[in-house]
Amino acid sequence: MSVRSDSDTVSDTTSDTTSDPGATAAKTAAAARRSFQLTLIKPSHYDKDGYVIQWWKAWIPSNSLAALYGLALDAAERKALGPDVAFEIDAYDEMNIVIPFKKIIARHRAAEVDAPGSGGPGSGGPGSGGLVCLVGVQSNQYPRALEIARRFRAAGLQVAIGGFHVSGCLSMLPDMHESLQQALDLGCSIFAGEAEEHLDRVLADAAKGALEPIYNTMSQLPDLQGAVTPFLPERLVRRYDGLLSSFDAGRGCPFQCSFCTIINVQGRKSRYRSADDIEKLIRANHAQGITHYFITDDNFARNKNWEAIFDRMAELQEEGIGIRFLIQVDVLAHKIPNFIEKAKKAGCKQVFVGLESINPANLKEMKKNQNKITEYRKMFQMWREQQVVTYAGYIMGLPNDTPETVKRDLTILQREVPVDMIEISILTPLPGSEDHKNLYTQGVWMDPDLNKYDLECVTFKHPLMSAEELQQAYWDAWDHYYSMAHAETLMRRALVDGIKPVRIWHHLLQIYGAMRFERLHPQQCGYFRRRVRSERRPELPRENPLIFYPKNVARALRNYGALALYGWRLHRLRRRIEADPEARNYTDLALTPVDDHGEDEELEMYHLNEAAEAAVAKAKAEAEARERHQAKRARVSAAE
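All residue numbers for the sequence shown refer to the numbering used here, where the first residue is 556 and numbers rise by one.
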C-alpha cells in the first residue's frame, strides 16, 4: 500500500511471511501490475466574485475527509479488493490546497493501464483502476463539486459524490433534485448515507468499472461501536490551524429544529463510539504530535456515552497526553449532572451552544422548543466558572425579524447574557432540512444558486424585509455586536472569570475579523487567502492577468492592513485592562449570579413580547410545581 498526501508519497511495505523467495517475488510483481487509485477530495466553494475560497491554512478541519481517509486506510490494510491489489490513497481539502488536476488524472490513467482487463486510459471499463470521491459535499459546495467532477469525467475518471447535500435531498424530497440529476447526467455516482459498512462495495464496483448510479444507504445507518475512527496523517493536519484535527464521538440529535439537516441525515437516535475507540484515536494522533480537536458531534450532550468518553479523556490527561477540544451542545447541557465539570477535566476549552435567538416567538418558528430563555444566563455562567470560552449560534431572518428588532435583541444579548463569541447566520432553507422540504413541496421560491447556501446570503423571500434590507441587516448585526465597547466588556468579563483576555483577543480577530475584513463566515476562513485566476466559476470570464494580480495585491494589502490595525487596537485595549488594578472587581448584569428563581429576575429579555412573557410565566409555573413536588416528597419521607 502506498499513501499519498498532496504531492508527497509514503510507502508502507507489507512483509510476506512465505519462505519461498520466488513466490514472494511473483506476488510482488503481481501487486505491482494491479493498483487501485483512490482520491479523496473535500471541495471548497466559490466566493462572491466566483473564485474558489482557499487559504494557506484553513481553520476548520474536515471530519468527512478524516472519516473517509480512516475507512480507506482500513480497506487497504484489509486488502478489501484482494491480496494482489495495492491501494494508492490521495487526500485533498480544497480549503487549504490547490487541487493538482493533471497529476491526479495521470495517476488514475496509469492505474487503468496496469489494471487487468482495462480497455486503456479513460475507458472506465472492466478493470478500471481508480475512483475520485468528492466527500462531505455541503449544499454551498455542490456547484464547485460539480465543476471538479466535470473535469475528471472529461478525462474518463470514475467519480462519486457524497455528503450532506446528496443525503439531504434523497432523504427529504419526493423526487430527484435537479442538482443531483446534473451529477448523474455527467456519469457520476451519488452516495447518500454514511460510508461505514458500505465503502467496500463501492470500491469493488469501481475496481470492476461497474459503479451504480445511486448508492442510497440512508435506511442502514451504521452502529459506531468498534467502527473505524476518523484519521488524517500529520502532514494533512498541519494544513489546518496549528495541529487541529477532528473526530465525531457520536452522531444524531433528538431534537426537531426545522432548519437542521443533521436530524434527517444522521437521524435522531444517538449512535456513539466507545471510550476505547476514542482512546485509540487520541493515542494515534498523539504519536504524531496532534493534541487539539474539534469534536464534530452536532450535540455532544445527547451522546449517550458522553460520561465514559469524558472520563477516559481525563485519564489520558493524567497520563500526560494533553488534549484540548471544542464541543457543540444544546442550551440544557448544564442540567446534566457533572457534565460541565467533566468536560473541563477532559480538556474542553471552548463550547458552542445553539442559542439561535432570545425571542421565544422566533424559537417557536424554528421548532427549537428546548431553548428556554430563563436558562440562558445560568447556563453560560456555569461554563464560565470552568474557564471555558463560550460561543453561540445566532440566526436572523426569521419571520418576526426586522433590522430594528435584530439590533434590539443583540443589545439585550450583550447586556444580559454572558456569552463571549456569537456566530451570526441568516436563516437558510438547506436541502435536507424540514424548512427546505416544505418550501420545495409548496413550490415557494428559493434561490436556485446553491453556492449561496452558505448561511451568509439571502436565499428566500422574507415577509418583512427585502433581500437587500436583510443582507444589510446581517452585516450590520456583526458590526453592532462586535463593537469596541463590547470587546472591552468581553475582555473584562474574561479576566474576572479566570479566562486569559488574550484568548478573547484571539477569538475576536478570528470571528469578527473574518466577517469584517474578508466578508466570509468564520467557518470558511483561514490564514492568508489566495485566489487562483484559473479557478473561477465556469460561467464567469477569466480575468486579464494585468487586472487580476494588481487587484488582488491591493485587496490583500487593504484587508490585512485593516486586520493588523484592528488587532493592534484590541492588543492595546487588552494591555490596558490587564494593567487596571480594579479590573478583577468588574461586574455587570450578565455576571450577576442567578439564584434558584432566575425566572423572577427583571430582565428586558423577559419582556420582549407576549411570547417572552408567556415563556417566563411557564417557567415560573414549572418551578412552583417542582417545589410542591419536592415538599410533598419531603413530608412523605419525614412521615416514614
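Glycine included, each C-beta is placed from N, C-alpha and C at the ideal position.
Touch check for the stretch 899-906 and the stretch 867-884: three-plus C-beta pairs under 8 Å? Contact holds: three or more Cβ-Cβ distances are below 8 Å.
Can you name the start and end residues of the beta strand (DSSP E) that Thr945 belongs to? For Thr945, the enclosing beta strand (DSSP E) covers residues 944-951.
So Ile845 packs on Val792, CB below 8 Å; how close in whole Å? The pair is a contact, with the Cβ atoms about 6 Å apart (cut-off 8 Å).
Cutoff 7 Å; reference Leu965; Cβ partners in own chain excluding five residues on either side: Leaving aside the five residues that flank Leu965 on each side, the residues in its chain whose CB is nearer than 7 Å to its CB run, in chain order, Ala1032, His1035, Tyr1036.
Helix, strand or coil for Thr1044? Go by DSSP, reduced to three states. Three-state result, Thr1044: helix.
What's the gap between the Cα of Arg867 and the Cα of Glu834? Our two residues, Arg867 and Glu834, have alpha carbons roughly 7 Å apart in a direct line.
Tell me the residue span of the alpha helix (DSSP H) that contains Trp610. Not the alpha helix (DSSP H): Trp610 falls in the beta strand (DSSP E), residues 609-613.
Would you report the Cα separation of Phe591 and Leu623, rounded to the nearest angstrom? Rounded to the nearest angstrom, the two C-alpha atoms are 16 Å apart.
Using a Cβ-Cβ cut-off of 6 Å (strictly less than) and excluding sequence neighbours within five positions of Val1149, which residues of its own chain qualify? Apart from the 5 residues on each side of it in sequence, Val1149 sits with its Cβ closer than 6 Å to the Cβ of Arg932, Lys933 in its chain, given in chain order.
Burial state of Ser1021 (16 or more Cβ within 10 Å): Under a 10 Å Cβ-count criterion, Ser1021 is classified as exposed, with fewer than 16 other Cβ atoms of the shown protein chains found around its own Cβ.
Spatially closest choice to Gly987 from Cys724, Tyr606, Ala630, by CA coordinates: Checking every option, the nearest Cα to that of Gly987 belongs to Cys724.
Contact set for Arg699: own chain, Cβ-Cβ below 7 Å, skip 5 residues either direction: So the qualifying residues of the chain are Pro598, Ser599, His600, Tyr601, Val607.
Could you name the residues of the same chain whose beta carbon sits closer than 8 Å to that of Lys899, not counting the 5 residues immediately before and after it, in chain order? Apart from sequence neighbours up to five positions away, the residues of its chain that approach Lys899 with a beta-carbon distance below 8 Å are Gln941, Gln942, Val943, ordered along the chain.
Which class does Glu1168 belong to by DSSP, given the choice of helix, strand or coil? If DSSP states are grouped into helix, strand and coil, Glu1168 belongs with the helices.
Straight-line CA distance for Asn1140 to Ala1134? One C-alpha to the other measures close to 13 Å.
Nearest-angstrom Cβ-Cβ length linking Gly605 and Arg1085, presumed shorter than 8 Å: Not really, about 15 Å apart at Cβ, beyond 8 Å.
Are Pro1077 and Glu978 closer than 8 Å when you measure CB to CB? Yes; because the gap between Cβ atoms is below 8 Å, this pair is in contact.
Val884 by DSSP, collapsed to three states: which one? Three-state result, Val884: strand.
Ser912 - DSSP class collapsed to helix/strand/coil: Coil.
Taking the alpha carbon of Glu1165 as the reference point, which residue from Leu636, Phe802, Asn914, Trp610 has its own alpha carbon closest? Of the residues Leu636, Phe802, Asn914, Trp610, the one whose Cα lies closest to the Cα of Glu1165 is Asn914.
In terms of alpha-carbon separation, which member of Leu910, Val884, Ser829 lies closest to Ala863? Answer by Cα proximity: Ser829.
Pull up the CB-CB distance for Leu836 and Leu620, whole angstroms please, since I reckon it's below 8 Å. 15 Å between Cβ atoms; not a contact.
Beta-carbon contacts of Leu1019 that lie in its chain and below 6 Å, excluding the five residues immediately before and after: Taken in chain order, the residues that qualify are Thr957.
Close Cβ partners of Tyr946 (< 6 Å) along its chain, the five nearest in sequence each way excluded: Taking C-beta separations shorter than 6 Å and ignoring five residues to either side along the sequence, the partners of Tyr946 in its chain run Phe907, Met976, following chain order.
Classification of His847 by the beta-carbon crowding that lies within 10 angstroms, buried from 16 upward: His847 counts as buried, since no fewer than 16 other beta carbons sit within 10 angstroms of its beta carbon.
Please classify Gly1116: is it buried, with 16 or more other beta-carbons within 10 angstroms of its beta-carbon, or exposed? So Gly1116 counts as exposed.
Once the 5 residues before and after Arg826 are set aside, which same chain residues still bring their CB inside 8 Å of it? Taken in chain order, the residues that qualify are Leu776, Pro777, Asp778, Leu779, Gly805, Arg806, Gly807.
Check whether the Cβ atoms of His663 and Gly684 lie closer than 8 Å to each other. At a Cβ-Cβ threshold of 8 Å, His663 and Gly684 count as neighbours.
Below 7 Å CB to CB, which residues in the same chain sit around Thr583 once its five sequence neighbours on both sides are set aside? For Thr583, the predicted structure reports a pLDDT of 43, less than 50, and the residue's modelled location is therefore unreliable. A value from the coordinates is still provided. Cβ within range, chain order: n/a, list empty.
Compute the Euclidean distance between the alpha carbons of Leu701 and Ala901, then round it to the nearest angstrom. Going from the Cα of Leu701 to the Cα of Ala901 covers about 41 Å.
For Val1191, count the other beta carbons within 10 Å of its own beta carbon; 16 or more makes it buried, fewer makes it exposed. Which is it? That one is exposed.
What residue ranges within the stretch 1004-1074 form continuous alpha helix (DSSP H) runs of no fewer than 4 residues, ordered along the chain? If only uninterrupted alpha helix (DSSP H) runs of at least 4 residues are considered, those enclosed by the stretch 1004-1074 are 1022-1036, 1039-1051, 1056-1068.
In whole angstroms, give me the CA-to-CA distance for Ala631 and Phe642. One C-alpha to the other measures close to 6 Å.
By Cβ distance below 7 Å, which residues in the same chain neighbour Lys1016 in space, the five residues on each side in sequence not counted? So the qualifying residues of the chain are Trp1000.
Cα-Cα, which of Val961, Ile928, Ser980, Ala1186 is closest to Glu1157? Among Val961, Ile928, Ser980, Ala1186, the Cα nearest to that of Glu1157 belongs to Ile928.
In three-state terms, what does DSSP make of Arg1183? Residue state, collapsed to three classes: helix.
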